[in-house]
């Protein structure tokens, strides 16, 4: 398998699940923003840019069933490692973590294959901890001016959607059933 299997190159304003939008601008609340606001306060926003991937399903985008598009942030692998090590996670540097990421066993993260041809992309990670919504009309205008861009092909697009679903469908049980394992009693 080579990197061209993962992506097709697209242009124009059409959006599909798995579209990569590099340096996409959006607004976030300023870090200094405090709650609650008093009557004279204004909400402070900061403009920023990030590499994003469209998570909203293609059928909803194509059939105009949504006004807002869900996006997840994409980070180059090297940046992901640097950020995690800085936060004290040295396990991310291990082969064991890489294997788990490849197998899809790293909740909250999904691996994207590198691409050498233009538009190029380093090995990257979609981080489901960094989600945003933007108006569909705005994203269509941005996509129209972005030039050639990458779109995940099937089945990689569905693999990303499945990783996203697995992350959000996790269930944390409110009780500890480990005592069942320790008891070891087997009924006759």
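Numbering (my numbering), first residue to last: 13 to 200. C-beta atoms are modelled at their ideal positions from N, C-alpha and C, and glycine is treated no differently.
Using only the alpha-carbon positions, how far apart do residue i and residue j sit?
i, j, result
"residue 50", "residue 58", "20 Å"
"residue 106", "residue 95", "15 Å"
"residue 155", "residue 118", "30 Å"
"residue 102", "residue 53", "42 Å"
"residue 180", "residue 172", "13 Å"
"residue 193", "residue 183", "20 Å"
"residue 17", "residue 175", "19 Å"
"residue 190", "residue 127", "45 Å"
"residue 73", "residue 33", "15 Å"
"residue 125", "residue 26", "23 Å"
List the whole-angstrom C-beta distance separating residue i from residue j, where the pair is believed to meet the contact cut-off of C-beta under 8 Å.
i, j, result
"residue 162", "residue 38", "The pair is not a contact, with the Cβ atoms about 19 Å apart (cut-off 8 Å)."
"residue 83", "residue 66", "6 Å"
"residue 21", "residue 186", "Incorrect: roughly 48 Å between the Cβ atoms, too far for contact."
"residue 151", "residue 81", "5 Å"
"residue 169", "residue 30", "4 Å"
"residue 55", "residue 45", "7 Å"
"residue 88", "residue 136", "5 Å"
"residue 164", "residue 19", "6 Å"
Are the CB atoms of residue j and residue i within a distance shorter than 8 Å?
i, j, result
"residue 35", "residue 63", "yes"
"residue 159", "residue 139", "no"
"residue 148", "residue 93", "no"
"residue 177", "residue 134", "no"
"residue 40", "residue 68", "no"
Taking DSSP as the reference, what is the three-state secondary structure of residue i?
i, result
"residue 68", "coil"
"residue 23", "coil"
"residue 136", "strand"
"residue 49", "coil"
"residue 161", "strand"
"residue 197", "coil"
"residue 35", "strand"
"residue 17", "helix"
"residue 44", "coil"
"residue 62", "strand"
Q.
Ignoring anything shorter than 4 residues, give me the alpha helix (DSSP H) runs that lie fully in the segment 74 to 131, in order along the chain.
A. 89 to 98 and 107 to 115
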